[in-house]
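Worksheet: one structure, shown below.
In our numbering, the protein residues as written are 4 to 157.
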């Protein structure tokens, strides 16, 4: 496991296992305007992440959403908020305490999560979804929701 620090958040990631997971996944195939726009901007998102995606073992080009998890676009007056799920094998600690496991369902109002802004247009929401996400041989699974604010170009 490799430890990454994001302010008061520590992510312990099994990078090799995460990369194996992404090697078996497909790219984005949806042709809705949100997916098409996000795919066009993946290079920009990678630059904003400044290598964090690589440190975590995430392949931004892969559509890994399971169950109700999927890329979502939220239109606003002058921009779109893209919300994209990615998964890693690992654990998350906030101020030294492990993030408790969450179960699926109508969870957003009460979900215990860690949040970290990387830029004014890019932030991460981290949830311990061990047991809910199919991830071969992983001791712990984190859902990392990437929130990216940008204009629609297509």
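Where is the CB? At the ideal position from N, CA and C, for every residue including glycine. Keep in mind the model is a prediction, meaning the values are calculated, not measured.
Query, Result
"Check whether residue 55 and residue 121 have beta carbons under 9 angstroms apart", "yes"
"Buried or exposed by the 16-neighbour rule on C-beta atoms within 10 Å, applied to residue 47", "exposed"
"Alpha carbon of residue 134 to alpha carbon of residue 93, nearest angstrom", "13 angstroms"
"Collapsed DSSP secondary structure at residue 38 in the structure displayed", "helix"
"Distance between beta carbons of residue 150 and residue 84, contact taken as under 8 angstroms", "6 angstroms"
"Buried or exposed (CB count within 10 angstroms, at least 16 for buried), residue 103", "exposed"
"Residue 3 versus 76, 88, 18, 124, residue with shortest Cα-Cα distance", "The question about residue 3 has no answer here: the residues shown for the chain are numbered 4 through 157."
"Proximity to residue 137 [Cα-Cα], best of 59, 119, 68", "68"
"Chain C within 9 angstroms of residue 155, Cβ atoms only", "Structure shown: chain C not included; a single protein chain is present."
"Coil, strand or helix - residue 47 by DSSP", "helix"
"Between the CA atoms of residue 45 and residue 57 - distance to the nearest angstrom", "13 angstroms"
"8 angstroms contact criterion, which residue 28 and residue 65 should meet: CB distance rounded", "4 angstroms"
"Beta-carbon spacing of residue 36, residue 155 below 9 angstroms", "yes"
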